[in-house]
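J.: Take the sequence shown: its letters are residues -9 to 123, numbered as in this note's numbering.
Here it is, the structure, as structure tokens.
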Amino acid sequence: MMRVWAKDQPFGAELADLTVSGGTLSATGVAIGIEPCPYRLDYQLTTTEGYVTGQLVVRTEGPGWRRALVLERAASGAWSCATEAEGDLDRPAPGGDLSPVAGALDCDLGRRSPTPCQSCAIACTRAAGPWTS
């Protein structure tokens, strides 16, 4: 199912294509926005049974910069993160210490029309469940 979100202040829009099958979900989407700087963000999310995140791939770019993040959760519950950063962006580097999300089951881009200029921030939660809008 395709979903679209938009907001006026500050401007932003997102298009997501979701597939829910049994207890799994896959989603691909694109978001654009203008704050804190103009950006485009593309993502792919796949979950395992029980809507537990398996992998989240995020790629974002703006004028003069690009970033990427691949967040994966192993069957053991351990998280791994690979990142790329290119260009000039006055924000913290993508990625970081994963110890605060140890044991988390699900991840989210943080909020609708995320602000990837804040280093592809990913919020992880300890409760899994289907994404509903």
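Positions of the beta carbon are idealized from the N, C-alpha and C atoms, including for glycine.
All of these numbers come straight from a predicted model, not from anything done at the bench.
Skipping 5 residues on each side, what residues in its chain have a beta carbon closer than 8 Å to that of residue -8?
T.: Within the sequence shown, the letter at position 2 stands for residue -8. Excluding sequence neighbours, residue -8 sits near 5, 6, 7 and 8.
J.: Roughly how many whole angstroms lie between the Cα atoms of residue 13 and residue 61?
T.: Here residue 13 is taken as the residue at index 23 of the sequence shown, counted from 1. Here residue 61 is taken as the residue at index 71 of the sequence shown, counted from 1. Near 20 Å, if we compare the C-alpha coordinates of residue 61 and residue 13.
J.: In the DSSP assignment, what are the bridge partners of residue 71?
T.: On the sequence shown, residue 71 is found 81 positions in, with the first residue counted as 1. Per DSSP, 61.
J.: Could you check which residue in 35, 21 and -4 has the C-alpha nearest to that of residue 43?
T.: As a working note, residue 43 is residue 53 in the sequence shown. Cα-wise, what sits closest to residue 43 is 35.
J.: Residue 56 and residue 25 - do their beta-carbons sit closer together than 7 Å?
T.: As a position in the sequence shown, residue 25 is number 35, starting the count at 1. As a position in the sequence shown, residue 56 is number 66, starting the count at 1. For residue 25 and residue 56, no; Cβs fall outside 7 Å.
J.: Once you ignore the five residues that flank residue 72 on each side, which residues in its own chain have a CB closer than 6 Å to its CB?
T.: Here residue 72 is taken as the residue at index 82 of the sequence shown, counted from 1. The residues are 60.
J.: Mind pulling the beta strand (DSSP E) runs of 3 or more residues that sit fully within the segment 21 to 55?
T.: Qualifying beta strand (DSSP E) stretches, in chain order: 29 to 38 and 42 to 52.
J.: With which residues is residue 7 paired in a DSSP beta bridge?
T.: Stepping through the sequence shown from its first residue, residue 7 is reached at position 17. The partner list for residue 7 (beta bridge, DSSP) reads -8 and 18.
J.: Name the residue from 18, -3 and 53 whose alpha carbon lies nearest to the alpha carbon of residue 78.
T.: Here residue 78 refers to the residue found at position 88 of the sequence shown. Checked all of 18, -3 and 53; the closest Cα to residue 78 is 53.
J.: Please name the residue in 39, 38, 23 and 40 whose C-alpha comes closest to that of residue 32.
T.: By 1-based counting over the sequence shown, the position of residue 32 is 42. Nearest of 39, 38, 23 and 40 to residue 32, Cα basis: 23.
J.: From residue -6 to residue 3, what distance separates their C-alpha atoms?
T.: The count along the sequence shown starts at 1 and reaches residue -6 at position 4. The count along the sequence shown starts at 1 and reaches residue 3 at position 13. The alpha-carbon atoms of residue -6 and residue 3 are separated by roughly 7 Å.
J.: Excluding the 5 residues preceding and the 5 following residue 0 in the sequence, name in chain order all residues of the same chain whose CB lies nearer than 6 Å to its CB.
T.: Working through the sequence shown from its first residue, we reach residue 0 at position 10. If we look at residue 0 and ignore the five residues flanking it on each side, its Cβ neighbours are 24 and 25.
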